[in-house]
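Notes follow the structure.
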Amino acid sequence: MNILDKIGGLFIKPEETIKMLVHGAGSLQEAFFVLLGFSIATWISIAINIVRLARTFMEIIPINIAPLFHHIVTPAIIGFIIMVGVAIDIVDLLLGGFIIHAVASLLEGAGDIKQLFMVYGYTKVTRVFLLLGSLIMAFTIIGGILVTLVLVLVGWVWYLYLLTMGVSESYGLSMGQALVAAISWSVVKLLLGVVFPGMFI
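Numbers given in my numbering equal positions in the sequence shown, counted from 1, plus 297.
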């Protein structure tokens, strides 16, 4: 089963694919490659859309700074967003993995944290929903933003579904217990976002 089959399987046959990944078909190295690939693609698309919005705004500014923006500012913005974004995703993997593992262990689950990191990495295939939204934004900004918000919600629900199945299969927990563990990191991030605005990733 090659990597493309696994990615497709997480959308077409999610339960079967998760079981195969947990029981030997997946690898931590491959999962990190999946995470890295989707992370880079995601942050490139976000950076491009931010630059597009900035250029649209500049068109109404009487001062002509377009050449400076195009040759210096644009590459700097895109590069910065990609580097910071990928770093955030890697930190998210590490912190999220440790917290989910801790909660799963408290619920008397027995699993390997390396296996959890693997499952967590594969769940990043759900970024495809955000990428689709970014593609739509290339044609219509306002409509694209609305569609992207819906797609991001769908992607998050699918991510949570995949992660819950992965935690259940890896730790021998019921789906209800696995859901509590899987959603724990999202709850922590939400609380951090409320207490420390800007830290919600």
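Think of the CB as a built atom: it goes at the ideal place given N, C-alpha and C, for glycine as much as any other residue.
- A contact is defined here as three or more CB-CB pairs under 8 Å, and the region 410-425 meets this definition with respect to the region 324-335.
- Beyond the five residues adjoining it in sequence on each side, Phe395 comes within less than 8 Å, by CB distance, of Ile410 in the same chain, given in chain order.
- By the neighbour-count criterion, in which 16 or more other beta carbons inside 10 Å mark a residue as buried, Met472 falls on the exposed side.
- For Met317, the closest C-alpha among the options Val388, Leu459 and Thr437 is that of Leu459.
- Using a Cβ-Cβ distance cut-off of 8 Å, the region 433-447 and the region 367-386 are not in contact, since fewer than three pairs of beta carbons, one from each stretch, lie closer than that value.
- In the displayed model, Thr445 falls within a helix according to three-state DSSP.
- Counting only runs that start and end inside the region 395-429, the alpha helix (DSSP H) elements of at least 4 residues fall at 410-419.
- Per DSSP, the unbroken alpha helix (DSSP H) holding Thr314 starts and ends at Pro311 to Met317.
- Beyond the five residues adjoining it in sequence on each side, Ser465 comes within less than 8 Å, by CB distance, of Ser471, Met472, Gln474 and Ala475 in the same chain, given in chain order.
- One Cα belongs to Phe308, the other to Phe426, and the distance between them is close to 11 Å.
- Under a 10 Å Cβ-count criterion, Gly305 is classified as exposed, with fewer than 16 other Cβ atoms of the shown protein chains found around its own Cβ.
- A Cβ-Cβ distance of about 6 Å is found for the pair Leu428 and Ala338, placing them in contact under the 8 Å criterion.
- In the three-state reduction of the DSSP assignment, Thr437 falls in the coil class, being assigned neither a helical nor a strand state.
- The residue among Val400, Met298, Ser342 and Leu350 with its C-alpha nearest the C-alpha of Gly321 is Met298.
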